Each structure stands twice: as structure tokens, then as C-alpha cells.
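K.L.:
Chains as they are written, first to last, in full-length UniProt numbering: chain L, 1 to 332; chain B, 1 to 332. The beta carbon of each residue, even a glycine, is placed where N, CA and C say it ideally should be. Since the structure is predicted, the reported quantities are computational estimates derived from the model, not experimental observations.
There are 2 protein chains.
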Amino acid sequence: MASSRERRATAPTSQDVARLAGVSQSTVSYVLTGSRPISEATRERVEDAIAKLGYHPNSGARTLRSRRSGVIGLMVPEADGDDGALMTFVGSIAREARRHGYDILLVTAQEGAEGIRRVVRTGVCEALILMELDRIDERVPPVLESGLPFVTLGKPEEFPQGSVVDLDFEMLGRMVVERAIEEECDRLLLFGDPGRKRARNDVSRFLRGVEDVAQEAELEVVMDGGALAEVPARALRMTLPNQRTAMFGLSGVRQVLFAMAATRALVDDTRLLITLSGADLVDVSPLLAAVPQLDPRRVEISELAVRELVRLLRTDGASPRITLVEPRWIEG
Amino acid sequence: MASSRERRATAPTSQDVARLAGVSQSTVSYVLTGSRPISEATRERVEDAIAKLGYHPNSGARTLRSRRSGVIGLMVPEADGDDGALMTFVGSIAREARRHGYDILLVTAQEGAEGIRRVVRTGVCEALILMELDRIDERVPPVLESGLPFVTLGKPEEFPQGSVVDLDFEMLGRMVVERAIEEECDRLLLFGDPGRKRARNDVSRFLRGVEDVAQEAELEVVMDGGALAEVPARALRMTLPNQRTAMFGLSGVRQVLFAMAATRALVDDTRLLITLSGADLVDVSPLLAAVPQLDPRRVEISELAVRELVRLLRTDGASPRITLVEPRWIEG
DNA sequence: ATGAAAGCGCTAACAT
DNA sequence: ATGTTAGCGCTTTCAT
Numbered sequence: 001m002a003s004s005r006e007r008r009a010t011a012p013t014s015q016d017v018a019r020l021a022g023v024s025q026s027t028v029s030y031v032l033t034g035s036r037p038i039s040e041a042t043r044e045r046v047e048d049a050i051a052k053l054g055y056h057p058n059s060g061a062r063t064l065r066s067r068r069s070g071v072i073g074l075m076v077p078e079a080d081g082d083d084g085a086l087m088t089f090v091g092s093i094a095r096e097a098r099r100h101g102y103d104i105l106l107v108t109a110q111e112g113a114e115g116i117r118r119v120v121r122t123g124v125c126e127a128l129i130l131m132e133l134d135r136i137d138e139r140v141p142p143v144l145e146s147g148l149p150f151v152t153l154g155k156p157e158e159f160p161q162g163s164v165v166d167l168d169f170e171m172l173g174r175m176v177v178e179r180a181i182e183e184e185c186d187r188l189l190l191f192g193d194p195g196r197k198r199a200r201n202d203v204s205r206f207l208r209g210v211e212d213v214a215q216e217a218e219l220e221v222v223m224d225g226g227a228l229a230e231v232p233a234r235a236l237r238m239t240l241p242n243q244r245t246a247m248f249g250l251s252g253v254r255q256v257l258f259a260m261a262a263t264r265a266l267v268d269d270t271r272l273l274i275t276l277s278g279a280d281l282v283d284v285s286p287l288l289a290a291v292p293q294l295d296p297r298r299v300e301i302s303e304l305a306v307r308e309l310v311r312l313l314r315t316d317g318a319s320p321r322i323t324l325v326e327p328r329w330i331e332g
Numbered sequence: 001m002a003s004s005r006e007r008r009a010t011a012p013t014s015q016d017v018a019r020l021a022g023v024s025q026s027t028v029s030y031v032l033t034g035s036r037p038i039s040e041a042t043r044e045r046v047e048d049a050i051a052k053l054g055y056h057p058n059s060g061a062r063t064l065r066s067r068r069s070g071v072i073g074l075m076v077p078e079a080d081g082d083d084g085a086l087m088t089f090v091g092s093i094a095r096e097a098r099r100h101g102y103d104i105l106l107v108t109a110q111e112g113a114e115g116i117r118r119v120v121r122t123g124v125c126e127a128l129i130l131m132e133l134d135r136i137d138e139r140v141p142p143v144l145e146s147g148l149p150f151v152t153l154g155k156p157e158e159f160p161q162g163s164v165v166d167l168d169f170e171m172l173g174r175m176v177v178e179r180a181i182e183e184e185c186d187r188l189l190l191f192g193d194p195g196r197k198r199a200r201n202d203v204s205r206f207l208r209g210v211e212d213v214a215q216e217a218e219l220e221v222v223m224d225g226g227a228l229a230e231v232p233a234r235a236l237r238m239t240l241p242n243q244r245t246a247m248f249g250l251s252g253v254r255q256v257l258f259a260m261a262a263t264r265a266l267v268d269d270t271r272l273l274i275t276l277s278g279a280d281l282v283d284v285s286p287l288l289a290a291v292p293q294l295d296p297r298r299v300e301i302s303e304l305a306v307r308e309l310v311r312l313l314r315t316d317g318a319s320p321r322i323t324l325v326e327p328r329w330i331e332g
């Protein structure tokens, strides 16, 4: 086959823009970065030339020279099965980042500490957002070492060097218990094995909230560690006549719902499901007593995280902040 | 405040490695790129020095010089509510990309054609993976213009310039109808408004498969365009005594399940739910007749997409390919 | 208010 | 088998 035409048109450079605008190359750069005053006339000619050529500054050159890549690394956890919430975070973060002129580069949890070291040392990322950290996490030391600004989604025990944005899980725990009491339940069944997941910071904070309030009320808290499919049956079994069991899980809500339907053991006077989930569950009223509406919170948390990171990037010597977002009920 | 110590340690360069190994800087580069033979002794000294310094090549410099950024742009659709499948794709793509030495940069659908133009012109991405294209999509022209290799997840009508990896939706359509007939159903209710979504290529291919087989069988196909919450009630209403209705949806399966539970209108002899979903639904047997197990397919599709893109990147002048992945049943 | 020029850290052509 | 060197396209200091 003879070559009909060449493959890739090479992108215009600031040199090309300068030539077209009749200015020096550095002037183009100054117009772009705004790091020195430019006369209105010159700026206009440069901007026209930029538009005419469809010029975009070369990212490699810019990064090499300025040490700012315009890229934020996002450390995502392994998606275990069907976690829709995760994509809400990722999508909102990407959108908000673009709004501030940054791109998002994915770093999978699988890459571990070495992955962090890599994106930091190669200079691809100039800041990091960390999702779902363990309480002791191998990926934290390389982040601290790098000195890059970072924001954690999900509050670790102590983290004075980076900012934190998270849902107020302690408050959520208190809210769930209070709700169960209001609904005159005798027992709160926490499914999804929160006991064993206590190592996770969100879980431990949630449980702290639960225990705070449950202790002084007459509410028995049971942590279920078995299969999600059997949660409804177990709830039924542990509920004596004239009693009522509230059910709540930080995860696995859908599976439990399916299971309740499947076993034909639906919610009735003896059981109450308080669930934590997205907007799509609000319609399922007969099954639910109340849903803390978290989907908008997730977007809010994502946006706050990005804005906080941008603040750290722009303000030199800015100190980290902790931001907790309050959960809210949606009545079902 | 007096400065106690400087903030960020500057990363070692190939120059530092060269000095430590007692070779020239270019030799370090050749060891790294493997683009010329190096004696075993030299290679070893260089690699030792690299390890000792924790050296990683500067990404900006490498990109600027080689025009290869090592970054693949991933165009993700807007996550509408709780779409767990999406994150499965994104996660698997990121993992597989890393396995081949590439990073994934997110490009949200929201950015549109201009977003594509931007990542292409700035040179951040050297290849693209496109998810959920419309049949006529404004983002395609800039991709073609760029000349960059790309892979589409989800088959468009015609696309000779880029590769395609997708589920075989036509086969899925045929499978669903055949299954409904096997199960002695008189009617197939397609929920989630496939009629109006026919513009989407996967939907249109699915319907083509459905219609192919349904025509010659005695199966009535009804496309439901109403609220998902009322699908079970409508199915019940349209089913005469001694009849059976199969139900299937490409999306909204969970909502329909919830609705069936909520209205206490469960599956019985008159109705059969054939659903398209992840592994988490397999347990819900009484509700389901059969589940095409798609979660592993999604991982497979993601990995194939990345591998295909890598092939296009590595093999010069490689021609695009279409890869269709077969759906498979899982019995519930 | 603008221009000229240095150089960021690499890759790869051109040496030997 | 290795070294020397010329840039890639920007940002920014030093001129004017």
C-alpha cells in the first residue's frame, strides 16, 4: 500500500502563535500565564491568533518548565462488585477539578505505596486525593514524604499534614439510633459486618456514634456478620412478639433489600429498615422507614475536596482543614 | 515564622543516576528505554544507582521529548445515579492500563468535543478510550482529526478508524427471546424505555436481536416506557389468566426489583424476570429465572479494550479491529 | 510594555 | 558498547 498522506498533524506551538500575532514567543506565554501586564492591543492579537490556530500549550513542556502538571492524582479503591457510589465520587471530582483547570489521573489502590511514589517522583501529579484509606495505610508515608498537598476523602484518626473531607459518620450513627428509638424499636441490627470492619475509620466513627446514644437508651445493638442474603431471616428470628427491629447497614443495602423480597420476608410491623443509600431507593417506600439521602452529599463531599485541594495549591503555606458534611434524612 | 526547613525535596534526575553509576547521562536513558544494547555490567551499575536513588524519569521531560505521555484518556459518561457497572469498567481499565505501563486520565462526557480537543492538543494523552458514544457524537470528529489511536467501548454503526470492543448485544437480544420462549412465556416486557433509547447503539442492536427471533416465534414484545416503579403492576395487568410474561431490562433492573418487592407483586407463575446484571443478584433466586452474568464480561471487555489500544500503539500501521464479547447465562 | 535567551530533564541522532 | 550533543516547547529572568 502506498502512503496516501501523513498520519498526525503536529500541533501548533506558542512560536506559531507569536509569528501570527507579530509578537515574541515569550509574550504569548505571558498572555497565557498572566504573570505580567500586557497591553490590551497585544493581548487581543495574541488571543485571536490562539483562537485561529486552535492552540493549546504543550503539557509536557509546561510541566517540565513550571513543575506544575495541572494533574491531580485520585487514589481509588478496588470496586468491589456493584458500588455505584464510588463512581458518583469519581465523576464529581473530575468535573469539579476541570472547573478549576485540573485533570484527574487514576491511581488504583492495587498499585499501593509504589504507585504513589511513582506518580509523585515522575511529576505527573502535583496533588493527590486519597479515597478509602485504612487506619494504617502504606500509601500515606510516600504521600507525606512527597510534600505534595493532599486531601483525604474519609477521615483518618489524625492527619495534620493534609486536609480531610468526609461525611460526619458519628452524627450518622447518632441519627440512626435516635431514629430507631423514635420508631419504637427494641433492637438495632447492623448488617454488613460492621464489627469486623471496625478497622475502617468511617465504620469505627459510625459505631462510636451509635454506641454513644444506644448506651443511655434501651436499645440493643446487634452487629450481624453473616451472609447478607440471610439478614432478613435472622432479623425475624431475633424479634420476639410485640417487638420491633430496626435494620441498618453502611453497605449491602441493596442485597438486603433483594433478600427481603426473595425470602418473601418483607418489612412489616416487626421490622424497620433504615438505610443509607442513593436517590434510587426513595421510591421503595413500603420497605423503608427513612433513607439518609447521601447521593447529594457525595457530590458535595467531592466538590469540597477538590476546592480544598485547590486552596492548598494556590495559597502558599495554607494549613490543612477538616470538613465534615452532615447527613440528612429523606423520608420514604 | 522562621523557615525551619525547605518544603519539597527535588527528585533525582538521570544526571544524578549517571554520576552515581559512573556513566554518561544518555546511557542511563538507553538503559531505561532499551533502545540500544547495553553491556550487562553497565546495565547493572545503572540499575543499582536507580534503585539506590529511587529514581523515576521525569514525565514532563520524557513526554516533551518523545511525544509519548504514557497516558490514555478515558472518556467517561455522566454517572446517572447508582451505576456500579461503570466503576467496574473504569477500575478494570485503569488496572489493565498500568499493567502495560500506561496511566488513565479521566475526561468527563461533560467536557464534550472541546475536552477531547484539549487533551489531544496539549499532548496529555497519546490514545483514547471512548465510553458510551451516541450514534452521532460530537466528540468523534476531534478524535479522528487527532489521528490518535482509540478504542470504543460500545459499538457504533461504522467505525473503520478506531477499534471497537463491546458485548454482543444482538446475541443478547436473541438469547433473551429464546429464553422467554423456553420458559413458555407469551409476552416479553422490555422495561427501561428501550423504544425511546433506540438512538443508543447498544439498545438498537439489542432490539434488532430481539426482533429477529421474536418475529418468527409467537412472542409478543412490549416496550415499556413508563416509571420503573410501576413496571411490575403493569406486567401483572397485561397478563391474562394462564399466561406468562417475561420481563427484561438493559437498565433499571434493581429499581424494578425494588418495586416488585415494594408492591408485594412478586414473581409467580405468571411472571418471569430475566435480568441483566452483576453477580450480586445471583442470590436472589426466587425472583429471577436467569441472569446473564455480565460483571466478568465487563472486566473482560475493559481488558480487551486496553490490550487492543496497546496493540494499536505498539504496532505501527495496525488496522482497527472489532471484538464482540459473548454474553453468558448464569442460572439463578 | 515587550523581547532575547537560558534551561527544565529527557530521547535519539550522530559521533567514535 | 558508550559518549556528546541538539533540541522538544514552554516559563521566567534579565534586558531594554
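Near L:Tyr102, which residues of its chain fall below 7 Å by C-beta distance, leaving aside the five closest residues on each side in sequence?
P.N.:
As a first step, residue 102 of chain L must be located in the first sequence, where it is residue number 102. Same-chain partners within the cutoff: Gly70, Val71, Ile72.
K.L.:
Kindly say whether L:Ser59, judged by its beta-carbon, lies nearer than 7 Å to any beta-carbon of chain B.
P.N.:
Residue mapping note: residue 59 of chain L aligns to position 59 of the first sequence, counting from 1. So, interface residue.
K.L.:
According to DSSP, is B:Gly332 part of a helix, a strand, or is it coil?
P.N.:
On the second sequence, residue 332 of chain B is found 332 positions in, with the first residue counted as 1. With a pLDDT of only 46 at B:Gly332, under 50, the local geometry of the prediction cannot be trusted, and the value read off the model is given with reservation. B:Gly332 falls in the coil class under three-state DSSP.
K.L.:
Please name the residue or residues paired with L:Asp166 in a DSSP beta bridge.
P.N.:
Counting from one through the first sequence, the residue named residue 166 of chain L turns up at place 166. In DSSP, L:Asp166 forms a bridge with L:Leu324.
K.L.:
Only counting the same chain, and skipping five residues up and downstream in sequence, which positions put a Cβ closer than 6 Å to that of L:Val164?
P.N.:
Looking up residue 164 of chain L in the first sequence gives position 164. Result list for L:Val164: Thr152, Lys155, Ile322, in chain order.
K.L.:
If you follow the beta strand (DSSP E) that B:Gly34 is part of, which residue opens it and which one closes it?
P.N.:
The sequence position of residue 34 of chain B within the second sequence is 34, counting from 1. First-last for B:Gly34: undefined, no H or E at that position.
K.L.:
Taking the CB atoms as reference points, tell me whether B:Ala127 and B:Pro141 lie closer together than 7 Å.
P.N.:
In the second sequence, counting from the first residue as 1, residue 127 of chain B sits at position 127. In the second sequence, counting from the first residue as 1, residue 141 of chain B sits at position 141. Not in contact: B:Ala127 and B:Pro141 (Cβ atoms no closer than 7 Å).
K.L.:
Would you kindly work out how many angstroms separate the C-alpha atoms of B:Glu47 and B:Gly22, rounded to a whole number?
P.N.:
The residue you call residue 47 of chain B lines up with position 47 of the second sequence. The residue you call residue 22 of chain B lines up with position 22 of the second sequence. For B:Glu47 and B:Gly22, the distance between alpha carbons rounds to 12 Å.
K.L.:
Cutting at 8 Å between CB atoms, please list the residues of its own chain near L:Gly225, excluding the five before and the five after it.
P.N.:
For this step, residue 225 of chain L is matched to residue 225 along the first sequence. Answer for L:Gly225: Asp193, Gly195, Arg196, listed in chain order.
K.L.:
Can you give the beta carbon distance from L:Val203 to L:Ala214, rounded, assuming they're within the 8 Å contact cut?
P.N.:
What you label residue 203 of chain L is simply residue 203 of the first sequence in a count that begins at 1. What you label residue 214 of chain L is simply residue 214 of the first sequence in a count that begins at 1. Contact doesn't hold; Cβ gap of about 15 Å is too wide.
K.L.:
Which residue comes first and which comes last in the alpha helix (DSSP H) that contains B:Ile301?
P.N.:
Residue numbering aside, residue 301 of chain B sits at position 301 when the second sequence is read from its first letter. Looking at the DSSP string, the run of the alpha helix (DSSP H) that includes B:Ile301 is 295 to 314.
K.L.:
Show which residues of chain B have a CB atom less than 8 Å away from the CB atom of L:Leu130.
P.N.:
Here the question's residue 130 of chain L lines up with position 130 in the first sequence. Ordered by position in chain B, no residue passes the 8 Å Cβ test against L:Leu130, which lies about 15 Å from the chain.
K.L.:
For B:Gly91, name the three-state secondary structure that DSSP assigns.
P.N.:
On the second sequence, residue 91 of chain B is found 91 positions in, with the first residue counted as 1. Correct three-state label for B:Gly91: helix.
K.L.:
State the Cα-Cα distance for the pair L:Arg121 and B:His56, rounded to the nearest angstrom.
P.N.:
Residue 121 of chain L sits at position 121 when you count from the first residue of the first sequence. Residue 56 of chain B sits at position 56 when you count from the first residue of the second sequence. Cα-Cα distance, rounded: 6 Å.
K.L.:
Return yes when the Cβ of L:Ala109 is within less than 7 Å of the Cβ of L:Glu78, no when it is not.
P.N.:
What you label residue 78 of chain L is simply residue 78 of the first sequence in a count that begins at 1. What you label residue 109 of chain L is simply residue 109 of the first sequence in a count that begins at 1. Yes, the pair counts as a contact, with Cβ atoms nearer than the cut-off.
K.L.:
Would you list the residues sitting across from B:Arg187 in a DSSP beta bridge?
P.N.:
In the second sequence, the residue the question calls residue 187 of chain B occupies position 187. Answer is B:Glu220, B:Thr245, bridged to B:Arg187.
K.L.:
Considering only the alpha carbon of each residue, which of L:Ala217, L:Pro12, L:Ser319, L:Ala180 lies closest to B:Arg118?
P.N.:
Start at 1 with the first residue of the second sequence, and residue 118 of chain B comes out as number 118. Ranking L:Ala217, L:Pro12, L:Ser319, L:Ala180 by Cα distance to B:Arg118 puts L:Pro12 first.
K.L.:
Does the separation of the CB atoms of L:Arg297 and L:Val253 fall below 7 Å?
P.N.:
For the purposes of this step, residue 297 of chain L is taken as the residue at position 297 of the first sequence. For the purposes of this step, residue 253 of chain L is taken as the residue at position 253 of the first sequence. No, Cβ-Cβ distance for L:Arg297 and L:Val253 is not below 7 Å.
K.L.:
Using a Cβ-Cβ cut-off of 6 Å (strictly less than) and excluding sequence neighbours within five positions of B:His100, which residues of its own chain qualify?
P.N.:
Along the second sequence, read from residue 1 onward, the residue named residue 100 of chain B stands at position 100. Contacts found: Val310.
K.L.:
Counting C-beta neighbours from all protein chains within 10 Å, is the total for B:Ala318 16 or more, i.e. buried, or is it exposed?
P.N.:
Position 318 of the second sequence, counted from the first residue, corresponds to residue 318 of chain B. Its Cβ having fewer than 16 others within 10 Å, B:Ala318 is exposed.
K.L.:
Following the continuous beta strand (DSSP E) through B:Asp103, name the residue where it begins and the one where it ends.
P.N.:
Within the second sequence, residue 103 of chain B is the residue found at index 103, counting from 1. Its beta strand (DSSP E) spans residues 103 to 108.
K.L.:
For L:Glu40 and L:Gln25, what's the separation of their Cα atoms in angstroms?
P.N.:
Looking up residue 40 of chain L in the first sequence gives position 40. Looking up residue 25 of chain L in the first sequence gives position 25. Their Cα atoms are separated by approximately 17 Å.
K.L.:
Comparing the C-beta of L:Ser319 with each C-beta of chain B, is any distance below 7 Å?
P.N.:
What you label residue 319 of chain L is simply residue 319 of the first sequence in a count that begins at 1. Closer than 7 Å: no.
K.L.:
Within its chain, find whatever has a CB closer than 7 Å to the CB of B:Ala97; leave out the 5 residues flanking it on each side and keep chain order.
P.N.:
Counting from 1 along the second sequence, the entry for residue 97 of chain B is found at position 97. So the qualifying residues of the chain are Ile72, Asp103, Ile104, Val306.
K.L.:
Residues of chain B with CB under 8 Å from L:Asp224, in chain order?
P.N.:
Numbered from 1 along the first sequence, position 224 holds the residue referred to as residue 224 of chain L. Under the 8 Å cutoff, chain B gives no residues; its nearest Cβ is about 16 Å from L:Asp224.
K.L.:
Say whether chain B places a C-beta atom closer than 7 Å to the C-beta of L:His100.
P.N.:
Here residue 100 of chain L corresponds to residue number 100 of the first sequence, with the count starting at 1. No - not a single Cβ of chain B is within 7 Å of the one on L:His100.
K.L.:
Listed from N- to C-terminal order along the chain, which residues in the region 160 to 176 of chain B have their beta-carbon within a distance smaller than 8 Å of any beta-carbon of chain L?
P.N.:
Here the close residues number zero.
K.L.:
Can you tell me whether L:Phe206 is helix, strand or coil according to DSSP?
P.N.:
Your numbering for residue 206 of chain L matches position 206 in the first sequence. The answer is helix: DSSP assigns L:Phe206 an H, G or I state.
K.L.:
Using a 10 Å radius around the Cβ and a threshold of 16 neighbouring Cβ atoms, would you call B:Glu308 buried or exposed?
P.N.:
For this step, residue 308 of chain B is matched to residue 308 along the second sequence. Classification of B:Glu308: buried, given that the 10 Å Cβ count is 16 or more.
K.L.:
Rounded to whole angstroms, how far is the Cβ of L:Ile50 from the Cβ of L:Val90, which I believe are closer than 8 Å?
P.N.:
Translated into the one-based positions of the first sequence, residue 50 of chain L becomes position 50. Translated into the one-based positions of the first sequence, residue 90 of chain L becomes position 90. L:Ile50 to L:Val90, Cβ: 32 Å. No contact.
K.L.:
Identify whether L:Ile72 lies in helix, strand or coil by the three-state DSSP scheme.
P.N.:
Sequence index remark: in the first sequence, residue 72 of chain L carries index 72 (1-based). The answer is strand: DSSP assigns L:Ile72 an E or B state.
K.L.:
In its own chain, which residues sit with a C-beta less than 7 Å from the C-beta of L:Thr42, not counting the 5 before and 5 after it?
P.N.:
Start at 1 with the first residue of the first sequence, and residue 42 of chain L comes out as number 42. Excluding sequence neighbours, L:Thr42 sits near Val23, Thr27.
K.L.:
List the residues of chain L that B:Thr108 touches, going by C-beta distances under 8 Å, in chain order.
P.N.:
As a first step, residue 108 of chain B is located in the second sequence; it is residue number 108 there, counting from the start. Within chain L, the residues near B:Thr108 are Gly91, Ala94, Arg95, Arg98.
K.L.:
Looking at the structure shown, is B:Thr10 part of a helix, part of a strand, or coil, going by DSSP?
P.N.:
As a working note, residue 10 of chain B is residue 10 in the second sequence. Three-state DSSP puts B:Thr10 in coil, outside helix and strand.
K.L.:
If we count the other Cβ atoms within 10 Å of its Cβ and call it buried at 16 or more, is B:Asn242 buried or exposed?
P.N.:
If you number the second sequence from 1, residue 242 of chain B lands on position 242. Exposed, because fewer than 16 other Cβ atoms sit within 10 Å of the Cβ of B:Asn242.
K.L.:
Is the beta carbon of B:Gly123 sitting closer than 7 Å to the one on L:Ser59?
P.N.:
Numbered from 1 along the second sequence, position 123 holds the residue referred to as residue 123 of chain B. Numbered from 1 along the first sequence, position 59 holds the residue referred to as residue 59 of chain L. Their beta carbons are under 7 Å apart, which means B:Gly123 touches L:Ser59 by this criterion.
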